[in-house]
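Colleague: In my numbering, the protein residues as written are 9 to 372.
Would you mind keeping the following structure in view while I ask a few things?
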Ligand SMILES: *Cc1c(COP(=O)(O)O)cnc(C)c1O
């Protein structure tokens, strides 16, 4: 081993492990482990990606001007207050790098997205987890966990992996309860799936306060996960900071072109949403019929409880034996659960069939 030592905190990071993607043998896996969109990407986005091959020898537009304009048009936002990134993960990481450092605290909800504590550790900051109520972020607990060292609060809304969400009023109460020098990061990766009247992705809070940012992604409902494309909407000074920190060409040309085409294809977006609206309630009902614990979800995945960690891993093994991959939840402190993404028609039916056979013999 060399005498090189990384900065404090870095060796505490357990490397992020993504959802499993392959099974032994030649069978194609049914991948329900990473919340990717069942119906895939818009054919128009794929065509734009392919057409971009001829310009691969050129550097991308470093300011992603056309893409930011398209996002701004689509969402009714100011393009100057948008930064694009190689996935929203990049932007979340840059926000933490910019606003937290050694000794600072980054506050998140106990079963919040795993990237938040990992990112905090990467800059030597201390991740602080606030308790939840009913597997949902609890505003009172978050506010009670704030200390003089808190610099950032990160909330996924809806949350991955629980599928729960906070209403507009609750998010406003959170912001109002935080000191003004604390940045509130709203990670709305699954916003397009939510159709609740009391839900807001966060645009209104960014507009009303100068210390709130919202991150969005093309990885989930737009199904461009493999391209790495996300964006952040925030106050001008935070956007300026992100533009200073990011790589000058952080978003590739094909990603920019496919992103514009994906936004243009709202018909395909409606299709993806309709698919989820049809299958999510069906799956929730079937999981319940099987006697499993199901948390209400507003996204494209369901957290399914098996009572014990051992039974959850036996269920995952039973699914895997049929080439169906789901996400184990031990890293989230939820070892008795599996997170299962909404798939295609036959995939959803297969999950229910395999779990039906499983619970018939493996009783709690
Ligand atoms: C998937 C996901 C993201 C981001 O993904 P990118 O592919 O980096 O844009 C961010 N937050 C949550 C909660 C997610 O589930």
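We put the beta carbon where it would ideally sit given N, CA and C, even for glycine.
1. Where DSSP assigns a beta bridge to residue 141, which residues make up the other side?
2. Could you give the residue range of the beta strand (DSSP E) that holds residue 2?
3. Cα-Cα, which of 321, 159 and 92 is closest to residue 242?
4. Tell me the residue span of the beta strand (DSSP E) that contains residue 113.
5. What are the start and end residues of each continuous beta strand (DSSP E) run of 3 or more residues lying completely inside the segment 285 to 350, in chain order?
6. Which same chain residues end up closer than 7 Å to residue 26 when comparing Cβ atoms and leaving out the 5 residues on each side of it in sequence?
7. If you scan the segment 182 to 216 from start to end, which runs of the beta strand (DSSP E) of 3 or more residues do you find wholly inside it?
8. Which value, in whole angstroms, describes the spacing of the CA atoms of residue 84 and residue 319?
9. Of the residues 208, 95, 104 and 245, which one's Cα is nearest the Cα of residue 232?
10. Could you tell me whether any non-hydrogen atom of ligand 1 is closer than 8 Å to the CB of residue 43?
11. Distance, Cα to Cα, residue 258 vs residue 90?
12. Kindly indicate which residue of 223, 323 and 148 has the alpha-carbon position closest to the one of residue 2.
13. Using only CA atoms, which one of 182, 28 and 12 lies nearest to residue 327?
14. In this structure, what does DSSP give as the bridge partners for residue 39?
15. What first and last residue would you give for the beta strand (DSSP E) that runs through residue 158?
16. Determine the extent of the alpha helix (DSSP H) in which residue 360 is found, giving its start and end residues.
17. Give the range of the beta strand (DSSP E) segment to which residue 47 is assigned.
18. So who's on the other strand from residue 135, going by DSSP bridges?
19. Just confirm the distance between the C-beta atoms of residue 264 and residue 75, as a whole number of angstroms; I'd bet it's less than 8 Å.
20. Quick one: does the C-beta of residue 228 sit closer than 8 Å to a heavy atom of ligand 1?
21. Under 8 Å from any heavy atom of ligand 1, does the C-beta of residue 197 make it?
22. Should residue 237 be listed as close to ligand 1, given that the test is whether its C-beta is under 8 Å from any heavy atom?
23. Would you decide whether residue 222 is buried or exposed? Buried here means 16 or more other CB atoms lie within 10 Å of its CB.
24. Measure how close the beta-carbons of residue 206 and residue 185 come, nearest whole angstrom, since I'm counting them as under 8 Å.
25. What would DSSP say about residue 241, mapped onto helix, strand or coil?
26. Any chance the segment 17 to 25 sits against the segment 197 to 205, with 3 or more Cβ pairs inside 8 Å?
27. Verify whether the separation of the beta carbon atoms of residue 78 and residue 271 is less than 9 Å.
28. Hey, is residue 174 close to ligand 1, as in C-beta under 8 Å from one of its heavy atoms?
29. Quick check: does the Cβ of residue 284 come within less than 8 Å of any heavy atom belonging to ligand 1?
30. Ligand 1 and residue 98: does any heavy atom of the ligand fall closer than 8 Å to the residue's C-beta?
31. Counting C-beta neighbours from all protein chains within 10 Å, is the total for residue 226 16 or more, i.e. buried, or is it exposed?
32. Could you tell me the distance, in whole angstroms, from the CA atom of residue 48 to the CA atom of residue 333?
Modeller: Inspection of the coordinates gives the following:
1. Residue pairing from DSSP places residue 141 in a beta bridge opposite 144.
2. Coverage of the chain is limited to positions 9 through 372, which leaves residue 2 absent and any answer about it impossible.
3. Of 321, 159 and 92, the smallest CA-CA separation from residue 242 is found for 92.
4. Counting along the chain, the unbroken beta strand (DSSP E) around residue 113 starts and ends at 113 to 117.
5. The segment 285 to 350 contains these whole beta strand (DSSP E) runs: 309 to 313 and 345 to 349.
6. Answer for residue 26: 42, listed in chain order.
7. With a minimum length of 3 residues, the continuous beta strand (DSSP E) runs that stay inside the segment 182 to 216 are 191 to 195.
8. Here the alpha carbon of residue 84 sits roughly 47 Å from the alpha carbon of residue 319.
9. Distance from the Cα of residue 232 is smallest, within the candidate group 208, 95, 104 and 245, for 95.
10. Using a cutoff of 8 Å, the CB of residue 43 counts as near ligand 1, since one of the ligand's heavy atoms is closer than that.
11. Their backbone Cα atoms lie some 14 Å apart in a straight line.
12. Outside the displayed range of the chain (9 to 372) lies residue 2, so it cannot be described from this structure.
13. Of 182, 28 and 12, the residue nearest in Cα terms is 28.
14. Per DSSP, 333.
15. Per DSSP, residue 158 belongs to the beta strand (DSSP E) from 158 to 164.
16. Looking at the DSSP string, the run of the alpha helix (DSSP H) that includes residue 360 is 353 to 369.
17. In the DSSP assignment, residue 47 falls outside any beta strand (DSSP E) and carries neither an H nor an E.
18. In the DSSP assignment, the residues bridged to residue 135 are 114.
19. Between residue 264 and residue 75, the beta carbon gap of about 5 Å places them in contact (Cβ cut-off 8 Å).
20. Under cutoff, so the answer is yes.
21. Yes.
22. Annotation for residue 237 indicates a beta carbon within 8 Å of some heavy atom of ligand 1.
23. In summary, residue 222 is buried, with 16 or more beta-carbon neighbours lying within 10 Å of its beta-carbon over all protein chains present.
24. Taking 8 Å as the upper bound for CB-CB distance, residue 206 and residue 185 are not in contact here, some 19 Å apart.
25. Collapsing the DSSP output to three states places residue 241 in a strand.
26. Short answer: they don't touch.
27. Contact flag set, yes.
28. Remark: the C-beta of residue 174 is outside contact range of ligand 1, defined as less than 8 Å to any heavy atom.
29. Not a single heavy atom of ligand 1 lies less than 8 Å from the C-beta of residue 284.
30. Checking every heavy atom of ligand 1 against the Cβ of residue 98, one is found closer than 8 Å.
31. So residue 226 ends up on the buried side.
32. Roughly 17 Å between the two C-alpha positions.
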